[in-house]
Amino acid sequence: MDSQAQGELQRSDDPIVWGDLPQLGQNPARIYRLGIMGGTFDPIHNGHLVAAEAAFDRLDLDVVVFMPAGSPAFKQDKKVTSSEDRYAMTLLATSDNPHFVASRFEVDREGITYTAETLRRLRAIYPDNVEFYFITGADAIAEVVTWRDAATIAELAHLVGATRPGYDLSCAQRAFDDAPYDFDVTYLSIPALAISSSYLRERVGSGQSLRYLTPDSVTGYIHKRHLYGARGARYGQMRGDENAL
Ligand code: DND
Numbered sequence: 000m001d002s003q004a005q006g007e008l009q010r011s012d013d014p015i016v017w018g019d020l021p022q023l024g025q026n027p028a029r030i031y032r033l034g035i036m037g038g039t040f041d042p043i044h045n046g047h048l049v050a051a052e053a054a055f056d057r058l059d060l061d062v063v064v065f066m067p068a069g070s071p072a073f074k075q076d077k078k079v080t081s082s083e084d085r086y087a088m089t090l091l092a093t094s095d096n097p098h099f100v101a102s103r104f105e106v107d108r109e110g111i112t113y114t115a116e117t118l119r120r121l122r123a124i125y126p127d128n129v130e131f132y133f134i135t136g137a138d139a140i141a142e143v144v145t146w147r148d149a150a151t152i153a154e155l156a157h158l159v160g161a162t163r164p165g166y167d168l169s170c171a172q173r174a175f176d177d178a179p180y181d182f183d184v185t186y187l188s189i190p191a192l193a194i195s196s197s198y199l200r201e202r203v204g205s206g207q208s209l210r211y212l213t214p215d216s217v218t219g220y221i222h223k224r225h226l227y228g229a230r231g232a233r234y235g236q237m238r239g240d241e242n243a244l
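With numbering that gives the first Met the number 0, letter number 78 in the sequence shown gets 77, and the count goes up by one each step, no holes.
Shown next as structure tokens:
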């Protein structure tokens with residue numbers, strides 16, 4: 000084994016380097032595939048979870064790490080729930096899936112969270128036999144070419160675009176064709192889940208249920224922390240029972 004490979008193996012045992020990231024790459028004779036689901040997750044919902052699970056299955060990933068953005072790059076002018084609350088909801092939503100991991104990797108980073116910087120830092124931690132698969136939804140995939148330092152993203156990660164059946168991919172395809180760098184993109188058609196975080200926030204604000212839209216543990220957390228205008232209804236309480244509290 001050459002000295003570089005030895006160094007990588009030593010590095011992989013160091014808990015300070017790995018933090019809460021999944022440890023991969025120990026066997027230099029095989030390739031590992033790390034899925035990365037980046038998001039604001041305000042809040043996380045079943046669309047995110049289904050997209051990540053589809054990518055895990057169809058691309059033979061070893062694990063998917065969910066990374067809530069600390070200070071999301073393109074939401075600087077918007078009010079975003081605290082990163083600790085978004086991380087807590089992500090942790091709850093992923094906790095019962097053995098191949099999902101929630102990470103504080105971006106939450107604990109100072110400043111605006113850029114994906115290229117995240118990938119660069121991950122590349123410095125993981126050995127070369129770990130490949131990165133950055134998972135996005137249909138709406139985000141066409142935007143990737145406009146993200147900060149997109150050349151680094153193209154160089155360091157495969158992209159996975161989770162689309163709805165029948166979704167028009169021509170816009171995304173054109174963006175990649177016109178880009179000055181080569182992106183490796185895989186499109187996955189997943190069952191239609193027209194769920195969005197803003198839809199969930201609206202529902203909470205107007206006292207409607209989130210059942211089947213996000214895990215119950217996330218709904219419970221939203222009510223406990225009074226996020227999105229939740230009126231502090233006891234979790235599991237029937238609608239219209241607010242005065243019974
Ligand atoms: P969003 O704010 O769109 O996350 O951010 C997605 C990722 O892009 C984050 O990691 C950001 O840091 C990164 N980003 C964005 C812009 C600029 C830059 C980086 C930069 O570096 O310059 P959401 O929580 O809204 O959604 C998370 C993911 O889930 C997105 O890819 C979204 O398209 C997808 N998604 C769905 N996928 C399947 N079915 C659904 C979905 N709803 C959202 N129903």
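Glycine included, C-beta positions come from ideal geometry on N, C-alpha and C. Small disclaimer: the values here were computed from a predicted structure and weren't measured.
DSSP places alanine 123 in the helix class (H, G or I) of the three-state scheme.
For ligand 1, no non-hydrogen atom lies closer than 8 Å to the CB of valine 217.
Two segments are said to touch when three or more pairs of C-beta atoms, one from each, lie closer than 8 Å; by this definition the segment 88-103 touches the segment 213-230. Valine 129 has its alpha-carbon roughly 9 Å from the corresponding atom of proline 27.
Within the segment 57-142, the alpha helix (DSSP H) runs of at least 4 residues that lie entirely inside it are, in chain order, 82-93, 114-124 and 137-140. Secondary structure note for histidine 222: its alpha helix (DSSP H) is the uninterrupted segment 215-223. DSSP places tyrosine 227 in the helix class (H, G or I) of the three-state scheme. The Cβ atoms of serine 82 and valine 106 lie closer than 9 Å to each other. Ranked by Cα distance from proline 190, the first of Asp41, Ala51, Gln25 and Thr39 is Ala51.
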